[in-house]
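With the working numbering, the residue at position 13 of the sequence shown is -1, and numbering never jumps.
Beta carbons: idealized from backbone N, C-alpha and C, even for Gly.
Data first, discussion second: the structure below is written as structure tokens.
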Amino acid sequence: MIQTLLLNLFETGFTIALVAGGLLFLGGLISFAVFLYKSLFGEGIKDPREVVPEKTSDDDDGVSKGDSDDEWDYY
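Right under this line is the structure:
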């Protein structure tokens, strides 16, 4: 009786592990397909060295003073 219960528990755990592994593998395949599609037909990977639209001038050092009610003095 106990041996059968433990065997069923082991089989259930193994089945859950197989299903979870299959779902992770499927998610990886979908992510790879999306990456491949964006690389071939879309914009691809964005270059971090490109200038962001918010910062167009070189005199801006990126630090701004916070308000009096802010938690930090500078951002």
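Open item on the list: I need the straight-line Cα distance from Val5 to Ala19, nearest angstrom please.
Closed with: By one-based count along the sequence shown, residue 5 stands at place 19. By one-based count along the sequence shown, residue 19 stands at place 33. Using only the alpha carbons, I get a separation of about 21 Å.
- [ ] Go to Ile2, then tell me how far its alpha helix (DSSP H) extends in each direction, as first and last residue.
- [x] Taking the sequence shown and counting its residues from 1, one reaches residue 2 at position 16. From DSSP, the alpha helix (DSSP H) with Ile2 extends over -12 to 26.
Open item on the list: Rounded to the nearest angstrom, what separates Gly30 and Leu(-7) at their Cα positions?
Closed with: Residue 30 sits at position 44 when you count from the first residue of the sequence shown. Residue -7 sits at position 7 when you count from the first residue of the sequence shown. Going from the Cα of Gly30 to the Cα of Leu(-7) covers about 49 Å.
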